[in-house]
Amino acid sequence: MSEEPNFSPNYRGMLMDNQTITIIKESAPHVRRKDNLVGMLLDVVIALLPVVVFSFIAWPLGATKNVLISVAVMELAELIFVLVTHPMPVDLQKHSLVERFKYGIASYRMSNFLAALVSALIFAMILPASTSWYALMIGAAAGITFGKLLFGGNGNNLFNPAAVGMVFAKVCFGGTMYYTAPFAGVTEVAVSPTYLAGGDYGILDLFIGNVPGTLGETCKIAILLGLAYLLIKRVADWKVVVAYIGTFAILTLAGGLTVTLPRGGNIPSYGEWVLSHLLAGGFLFGAVYMVTDPVTMPITTPSRVLYGMSAAIAAFFIRHFAALPEGVGYGILIANCLAPLFDYPKWSSEVWKKKDIILCIAIPVAALAIVIWTVFAGGFAL
Amino acid sequence: MIAKTTHIENTRNLLEILPTVDIGEPEDIFIALENARCAKADLTIKEGDHVKMYQVIGMRHGPFFDQPIHSTVSGTFLGFEKHLHRSGKMVNFIHIKNDFKEEEDETVVHERTPEEIAKLTREDFMQIAKECASVGLGGSSFPTYIKFDTKGREIKTILINGVECEPYITADKRMMLEKPEEVIEGIKLLQQAFGTKDARLCIKSKYKDIIAIYDEFLRAMPDSGIKVCPVGNFYPQGWEIAMIKSATGIEVASGHLPSEYGIVDFNVSTVVGLLQNVKYNKPVIERFVSVTGDAIKCPSNFSIRVGTPMKYILEKCGGYVHPERKKVFILGGPMMGASIPSDDCICTKTVTSIIVLDHDESKEENCIRCGSCVLSCPVHLRPVQIMNAVKAMDKDTIKLLEPLKCIECGLCTYSCTSKIQVTDYVRRAKLLAKL
Chain A
839 MSEEPNFSPN YRGMLMDNQT ITIIKESAPH VRRKDNLVGM LLDVVIALLP
889 VVVFSFIAWP LGATKNVLIS VAVMELAELI FVLVTHPMPV DLQKHSLVER
939 FKYGIASYRM SNFLAALVSA LIFAMILPAS TSWYALMIGA AAGITFGKLL
989 FGGNGNNLFN PAAVGMVFAK VCFGGTMYYT APFAGVTEVA VSPTYLAGGD
1039 YGILDLFIGN VPGTLGETCK IAILLGLAYL LIKRVADWKV VVAYIGTFAI
1089 LTLAGGLTVT LPRGGNIPSY GEWVLSHLLA GGFLFGAVYM VTDPVTMPIT
1139 TPSRVLYGMS AAIAAFFIRH FAALPEGVGY GILIANCLAP LFDYPKWSSE
1189 VWKKKDIILC IAIPVAALAI VIWTVFAGGF AL
Chain B
32 MIAKTTHIEN TRNLLEILPT VDIGEPEDIF IALENARCAK ADLTIKEGDH
82 VKMYQVIGMR HGPFFDQPIH STVSGTFLGF EKHLHRSGKM VNFIHIKNDF
132 KEEEDETVVH ERTPEEIAKL TREDFMQIAK ECASVGLGGS SFPTYIKFDT
182 KGREIKTILI NGVECEPYIT ADKRMMLEKP EEVIEGIKLL QQAFGTKDAR
232 LCIKSKYKDI IAIYDEFLRA MPDSGIKVCP VGNFYPQGWE IAMIKSATGI
282 EVASGHLPSE YGIVDFNVST VVGLLQNVKY NKPVIERFVS VTGDAIKCPS
332 NFSIRVGTPM KYILEKCGGY VHPERKKVFI LGGPMMGASI PSDDCICTKT
382 VTSIIVLDHD ESKEENCIRC GSCVLSCPVH LRPVQIMNAV KAMDKDTIKL
432 LEPLKCIECG LCTYSCTSKI QVTDYVRRAK LLAKL
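So the sequence lines, in the order shown, correspond to chains A and B.
All letters in the first sequence, in the order written, are residues 839 to 1220 by the numbering used here.
All letters in the second sequence, in the order written, are residues 32 to 466 by the numbering used here.
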């Protein structure tokens, strides 16, 4: 007979009979990673804070109005959506409105609140301080409804709600918007955001935000702080950011080379030229807060790189060859449309296949060719 | 968080340094009449019969093999009782009352001399493994003798799996630390059986202590051919195919057997069990089990007699912490182990660990397509797309996404930001793809 094992006294503390416990059967795995959706959305809100704080300091009145109205409208829309999509089951009893409300509100989660908050903050930041209250209300309502709720709410949306709202507001009420530089007080600057032409403002002005623009896009320091936080917390996929900024920089450089070398144009230096285009307008804001939205992007790595590239190419073409001064929002919406195409189960794959590599080279090369040809033969000024 | 998961958080890693203690013998032993691989069984004893240790008391009939049932104690056969098996099913168990006399059955047990062992061929090993009902003790319960039948293929490399990549489990680690001579002796038997010198013992590279012990042992026998092969610390490194890739660089294509590439692999506990089978003709009646989890009062490594009821083990551990909370009772690792609906179950040969966790109450959110499951999947599937296809009952897309490649490692659920049971959807896709 084997020896009685030598247990420490606390090994025979409690007897099993004194304990009644509930055991639940669940399927494997039984452990989960610590991070969750609420934490991820909170991280995005935290990353937006520097930009929001800067806008409050620079345009106290405009920022308050933009943020308050868009948050109120989007949160309300989200709440109504939750109530509408969780109706009380039909039974023979009569239920008062309060009961119905209580039943629906039980399905309202923290993630609903935070997702709408993120969309609202981004929407508020991509419109100028001069946006009228009705433009904000209609834009916010349209953005969250057509951009997200009609598709089925959180996680089901095809388009970035903030971008949809911005486009809606600009198309409907663009004439009433004008851009002011931070700390400019009440002096009203001209309607057209001519700062995109570059050269009017120095790199330093563009960097610290001493240019007219929308609330969030002027101060690049705040945006870069947000980017650092998103990348450290791994809320943003760095591959998309790199593909987006990289493609845009290459196209800008190619355009600059075509302007100076074959056509004898005048550009101060290539570095400054590329940098001023990257820093101008809402490009960096879009790269940090809008392209990185995981819901509207494809899921596999090669597709994400392609997605970033296509968003950058669309933004570049709209910015330089279209009648619109700014193409970041439209570019992101176009790339959103392409995301399901990149994700098509038959084509996409997580491992880099020959086809993915060819596409990732062919698409930017084709875009480059068009840029060079357009600038050289078409004579676009860039 | 959009990130690839390679490491599973382990809150109980102190268990690694606790030595294995013999838990002692319980008064009642239960031996499964049927198991996951064998649906039918015959018994050769009657109620009230006296049985001896190692005695063959019956025969399980599987789809393509028979497996003898051995008694693990000496005592009296009292009849049948229904208990939960590791597979989660209620199964008939043979109830044996222990008389603590430890009488061994001489007709089964006989010691082989080194000369006898040296003469054994692969067919003899196969026969011994079959008679002793040797199965994969890493948890697969795959009959070992089938591994000896390589269908004429030449085996070049023997891999010993000591990776144990699941968190919380430390049974194999303790086995390697506490029984190095037996592990090495067992490996030598395998070298003899397969006629190759190249044997590699795969150990996680972070286990410096084990690697040092084996280096020391193997220095004394320079031409043994056994090598210690430090492999990665990631999950699922213990998966056969990941281990073969790390240890030899060979990528085994899905749907092919490692023996087609000249490789055979054994779990380290199986090797030690096989040594007993060959040396004394004794079937495995004891195994190392880690009893751990957030809800266990005193986690410990135990050496447990096969057939011990779970209540006996849990009593020795001091019971549960926070009995008011809901619990999940797992046999096997927390990633791939089976959840059992009650703690009225029996420790069988293939239970590597008993883990009791507090039930995770977090709610499922909508998928936000963060892609963590796609990044984490070790076989490069796209679990989100499989989930969406299952929800839409789109069979063509399901087939296109090849869910049958899935090894059910559980990383997609583990890494899900929205706490969705993605692995469940993939399991359902596997069923649908087979239709």
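All residues carry an ideal CB built from backbone N, CA and C; glycine is no exception.
Residues of chain A whose Cβ lies closer than 8 angstroms to the Cβ of MET424(B) do not exist, since the nearest Cβ in that chain is about 15 angstroms away.
For ASN308(B), the CB contacts under 6 angstroms within the same chain, skipping 5 residues up- and downstream, are ILE159, CYS163 and SER165 in chain order. In the three-state reduction of the DSSP assignment, TYR445(B) falls in the helix class, which pools H, G and I. The alpha helix (DSSP H) runs lying completely inside the segment 1067–1106 of chain A and spanning 4 residues or more are 1076–1098, given in chain order. In this structure, ILE60(B) lies near ASN129(B), with their beta-carbon atoms less than 8 angstroms apart. If you draw a straight line from the Cα of VAL1049(A) to the Cα of ALA1092(A), it is about 26 angstroms long. The segment 346–366 of chain B makes no contact with the segment 418–426 of chain B: fewer than 3 CB pairs, one atom from each, lie closer than 8 angstroms. With contacts defined by Cβ atoms closer than 8 angstroms, LEU1117(A) and PHE1045(A) form a contacting pair. In chain order, GLY985, LYS986, PHE989, VAL1133 and THR1134 place their CB closer than 7 angstroms to the CB of ASN995(A), counting only its own chain and leaving out the 5 sequence neighbours on each side. DSSP, reduced to helix, strand and coil, places ILE200(B) outside both helices and strands of the structure shown, so it counts as coil. Per DSSP, MET424(B) is not a residue of any beta strand (DSSP E), being assigned neither H nor E.
Around the Cβ of ILE1170(A), a 10 Å sphere holds 16 or more other Cβ atoms; the residue is buried. For SER1148(A), the secondary structure class from DSSP, reduced to helix, strand or coil, is helix.
The residue among ALA1060(A), ILE1059(A), TRP971(A) and TYR1127(A) with its C-alpha nearest the C-alpha of LYS903(A) is TRP971(A). In this structure, ALA980(A) lies near VAL1002(A), with their beta-carbon atoms less than 8 angstroms apart. Two segments are said to touch when three or more pairs of C-beta atoms, one from each, lie closer than 8 angstroms; by this definition the segment 378–390 of chain B does not touch the segment 427–447 of chain B.
Where PRO261(B) is concerned, the enclosing beta strand (DSSP E) starts and stops at 257–262.
Positions of the beta strand (DSSP E) runs, each at least 3 residues long and wholly inside the segment 1119–1147 of chain A, cannot be given because no such run exists. Short of 6 angstroms from the beta carbon of SER285(B), and not among the five residues preceding or following it, lie these beta carbons of its own chain, in chain order: LYS436. Contact between the segment 894–913 of chain A and the segment 944–962 of chain A is present: three or more C-beta pairs spanning the two stretches fall below 8 angstroms. Excluding the 5 residues flanking it on each side, MET1004(A) has same chain C-beta neighbours closer than 6 angstroms at ILE964 and GLY1167, in chain order.
With a cutoff of 8 angstroms on beta-carbon distance, VAL405(B) and THR1138(A) are scored as near each other. Chain B places a beta carbon closer than 8 angstroms to that of VAL1189(A), counting this residue as a contact. Under the Cβ criterion of 8 angstroms, VAL1126(A) is not counted among the residues facing chain B. SER403(B) is the residue among HIS411(B), SER403(B) and ASN312(B) whose C-alpha sits nearest the C-alpha of ALA34(B). Under the 8 angstroms criterion on CB atoms, GLU1055(A) is classed as non-interfacial with respect to chain B.
With the criterion set as a beta carbon lying under 7 angstroms from some beta carbon of chain A, the members of the segment 318–345 of chain B are LYS328, CYS329, LYS342 and LEU345, in sequence order. For MET1147(A), no CB of chain B lies under 8 angstroms from its own CB, so it is not counted at the interface with that chain.
What LEU432(B) touches in chain A, judged by beta-carbon distance under 9 angstroms, is PRO1183, going in chain order. GLY170(B) does not reach chain A, its nearest Cβ partner there being about 12 angstroms away, counting only Cβ pairs nearer than 8 angstroms. With a contact defined as Cβ atoms closer than 8 angstroms, MET207(B) and PHE319(B) miss out at about 10 angstroms. Check the Cα spacing between SER893(A) and each of SER1187(A), PRO927(A), LEU959(A) and ARG1142(A): the tightest is with LEU959(A). Shortest Cα-Cα distance from PRO999(A) to any of TYR1017(A), ILE943(A), SER908(A) and THR1018(A) involves SER908(A). Apart from the 5 residues on each side of it in sequence, PHE1011(A) sits with its Cβ closer than 8 angstroms to the Cβ of THR969, SER970, TYR972, ALA973, ILE976 and GLY977 in its chain, given in chain order.
When rounded, the separation of the alpha-carbon atoms in VAL52(B) and GLU213(B) is 18 angstroms.
Sorting SER236(B), ILE200(B), ASN192(B) and THR339(B) by C-alpha distance to the C-alpha of GLY217(B) places ASN192(B) at the top.
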